[in-house]
Amino acid sequence: MDSVIEALPVYLDGFRLTLYLAAISGALSLVLGTVLAAFRVSPLRSLRLIGTLVVEVGRNTPLTLVFIFFVFILPGIGIILPLGTLPAIIALTVYTSAFVCEAVRSGINSVGIGQAEAARAIGLGSVQTLTLVVLPQALRTVVPPLINVLIALTKNTSVAAGFAVVELTATGRGLARDYPADVIWMLLGVAFFYLVITIPAGAIAGSIERRVVFSR
Amino acid sequence: MSKSVLYDEPGPKTLRLERNASIAVGALIAVGLVFVIIGMAGRGLFDDRWLVFTDPPKGQTAGDVWGSLGRGLRATLTAAAVAAPVAFALAFLLAILRTSGSRWVSRPVTWLIEFLRGMPVLLMMFFGLLAFGLSAFAAVAFGLILYNSAIMAEILRAGLAALPKGQVEAGTALGLTRWQTMRLIQLPQVVRLMLPSLISQLVVLLKDSSLGFIVGYPELLRTMQLNYSFFGDKYRFPLFVVVLIIYLAVNITLTRVAILVERRLGARGQSGRVATTALPPEAEPEPLGRA
């Protein structure tokens with residue numbers, strides 16, 4: 094237990110990097126995922142096709158394989174990314190975007206068609222229908238699943254530990270080596286830092302969800 | 709396409725416009741693809757490196773390459789096949805304990821589930837590997853079992869909560885004990901209701917078995933890496949493509965099974981409405997479950 098406190102600065106370094114990875118790839122995948130979702134609900138068949146293809150491949154590929162692609166395969170064919178966190182950020186973003194897309198899309202689909210029909214019946218134009226009726230409802234529904242996707246992303250940053258990024262999990266592995274007598278405590282310390290992010294975020298998602306369900 | 713909330717039903721003019729725009733965008737994408745393929749060819753990606761699958765160098769036979777990939781796939785599937793039933797059994801136990809009437813039971817189990825759900829699977833594998841001295845295979849199975857039992861327990865709990873109250877009341881009225889009601893009335897319905905979600909979770913479990921790559925379990929990805937370290941860097945790309953296709957084939961098959969099961973259950977008049985409120989299949993390893 095004392096050694097956990099002794100190692101606190103090391104933990105904090107790892108924690109900071111985990112937060113950094115999660116924040117950057119989270120923001121990027123929110124953008125990319127929303128674009129993909131727009132593709133998937135667009136009236137243009139070819140865009141829908143592309144969107145579906147990207148999402149299906151993204152969702153069915155293990156994250157480890159995505160990491161391998163950006164860390165080992167691309168450099169193998171001469172496309173060299175700078176070492177460090179960049180390949181990890183790209184891999185996490187690509188992987189998470191597929192899940193963001195599905196969350197956004199199901200949010201849009203959850204708005205009943207009658208809502209749009211009612212809006213048009215009272216004489217709203219298509220822009221007004223979208224901004225005043227459809228999007229406000231879709232956004233509310235979409236927030237809890239999006240938070241859950243971001244929680245999953247936070248946990249997924251741990252995969253970077255296998256690819257030379259010393260974030261929280263890799264820090265824990267190193268500490269387990271340095272303090273062989275306290276391995277369990279060292280890893281529990283790592284778990285604590287993940288739970289600090291994931292449990293409150295999950296609680297927030299849950300409470301928003303309950304409120305949205307009642308408002309329907 | 710079906711009606712959409714986002715735009716009006718298109719008229720003949722709009723339909724024509726949409727079709728033309730779709731063709732134009734499709735052509736643009738095709739041109740982009742052609743450039744990518746030319747670029748790939750320029751890097752020699754379509755040269756004799758693909759022969760690694762039919763006539764590999766270094767005195768190996770095609771059978772050796774496919775055989776090693778096959779063993780890798782088998783190792784991946786073994787880890788998943790060992791972990792899934794155990795996780796499922798454990799999930800039942802956790803779900804039953806969590807919904808127990810006694811707060812002294814349900815509280816600690818709730819904490820345990822939250823603890824397991826909030827941690828990365830990889831960290832649990834490191835627990836197994838470093839803290840408990842398990843072998844690489846056992847560590848992979850350990851991580852997969854603990855994590856997925858917590859997730860599946862939440863799926864089952866969502867199913868229990870979604871069942872109409874009358875089911876339990878009917879059981880009680882018949883004079884069944886709580887455990888009998890659970891076993892004879894609730895669980896059979898819950899499993900059927902949540903089968904699609906449980907199968908989707910199997911896809912997640914299978915994907916997570918690839919973390920064995922990091923803890924040193926010789927699964928499919930590790931086998932791929934061993935192959936290209938042996939044959940040389942130029943074989944990285946073809947091996948990657950084949951392994952990607954293997955994963956996609958296995959996972960998409962599983963997903964299709966889940967959809968099929970969902971449809972069949974829906975057709976039988978099992979209320980699909982309840983099933984869909986419980987868990988969006990896209991919620992990855994973090995289903996809602998807190999409903």
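First to last, the sequence lines map onto chains A and B.
Taking the working numbering, I'd label the letters of the first sequence as residues 94 to 309.
Taking the working numbering, I'd label the letters of the second sequence as residues 709 to 999.
Note that CB positions come from ideal geometry on N, CA and C, so glycine has one too.
All values reported here derive from a predicted model rather than from experimental measurement.
- Proximity of B:E822 to chain A, defined by a Cβ-Cβ separation below 9 Å, is satisfied.
- At a beta-carbon threshold of 7 Å, the residues of chain A lying near B:E726 are P136, L137, ordered along the chain.
- Chain-order list of chain A residues neighbouring B:S937: empty, with the shortest C-beta distance near 10 Å, by a criterion of under 7 Å.
- Residue contact with chain B for A:S251: present (Cβ-Cβ distance below 9 Å to some residue of chain B).
- In terms of Cβ geometry, A:V147 and A:A196 do not form a close pair [threshold 9 Å].
- Contacts with chain B at 9 Å (Cβ-Cβ) include A:F165.
- Separation of the CB atoms of B:I863 and B:Q909 is rounded to 7 Å, and the pair is thereby assigned contact status at 8 Å.
- Of the other Cβ atoms in all chains shown, fewer than 16 fall within 10 Å of the Cβ of B:R972; this residue is therefore exposed.
- Counting of Cβ neighbours within 10 angstroms places A:P238 among the buried residues, the total reaching 16 or more.
- For B:I804, the uninterrupted alpha helix (DSSP H) run begins and ends at 770 to 806, by DSSP.
- Between the stretch 264 to 273 of chain A and the stretch 193 to 211 of chain A, the count of Cβ pairs shorter than 8 Å is below three; the stretches do not touch.
- In the three-state DSSP reduction, B:K721 falls in the helix class (H, G or I).
- In the DSSP annotation of this structure, A:P136 is not part of any alpha helix (DSSP H), being labelled neither H nor E.
- In this structure, B:L837 sits near B:G924, with a CB-CB distance shorter than 9 Å.
- Around the Cβ of B:N728, a 10 Å sphere holds fewer than 16 other Cβ atoms; the residue is exposed.
- The count of Cβ pairs closer than 8 Å, one atom from the stretch 160 to 173 of chain A and one from the stretch 270 to 289 of chain A, stays below three, leaving the stretches out of contact.
- Distance check between A:V242 and each of A:A100, A:F285, A:A294 places A:A294 closest, using alpha-carbon atoms only.
- Using a CB distance below 9 Å, the part of the stretch 906 to 926 of chain B facing chain A consists of V911, L914, K915, D916, S917, S918, L919, G920, F921, I922, V923, ordered along the chain.
- Per DSSP, reduced to three states, the secondary structure at B:M827 is coil, with no helix or strand assignment.
- Around the beta carbon of B:F743, fewer than 16 other beta carbons sit within 10 angstroms, so the residue counts as exposed.
- If you look at B:E862, you'll find it in the alpha helix (DSSP H) that goes 844 to 870.
- Listed along chain B are I737, each with a C-beta nearer than 7 Å to that of A:I143.
- Using a Cβ distance threshold of 9 Å, A:S139 and B:I731 count as a contacting pair.
- Residues of chain A whose Cβ lies closer than 7 Å to the Cβ of B:F835 are, in chain order, L280.
- Neighbours of A:L223 across chain B, judged by C-beta separation under 8 Å: L714.
- At least 9 Å separates the beta-carbon of B:A789 from that of B:S857.
- Taking the C-beta atoms as reference points, A:V283 is found nearer than 9 Å to A:G107.
- Annotation for B:P896: the continuous alpha helix (DSSP H) segment containing it runs 895 to 916.
- Annotation for A:T186: the continuous alpha helix (DSSP H) segment containing it runs 178 to 203.
- Between the stretch 946 to 960 of chain B and the stretch 929 to 936 of chain B, the count of Cβ pairs shorter than 8 Å is three or higher; the stretches touch.
- At a cut-off of 9 Å between beta-carbon atoms, A:F162 makes contact with chain B.
- Under the 9 Å criterion on CB atoms, B:D772 is classed as non-interfacial with respect to chain A.
- At least one C-beta of chain B is nearer than 9 Å to the C-beta of A:R213.
- Residue contact with chain B for A:R266: present (Cβ-Cβ distance below 9 Å to some residue of chain B).
- Residue state for A:A100 is assigned as coil, using DSSP reduced to three classes.
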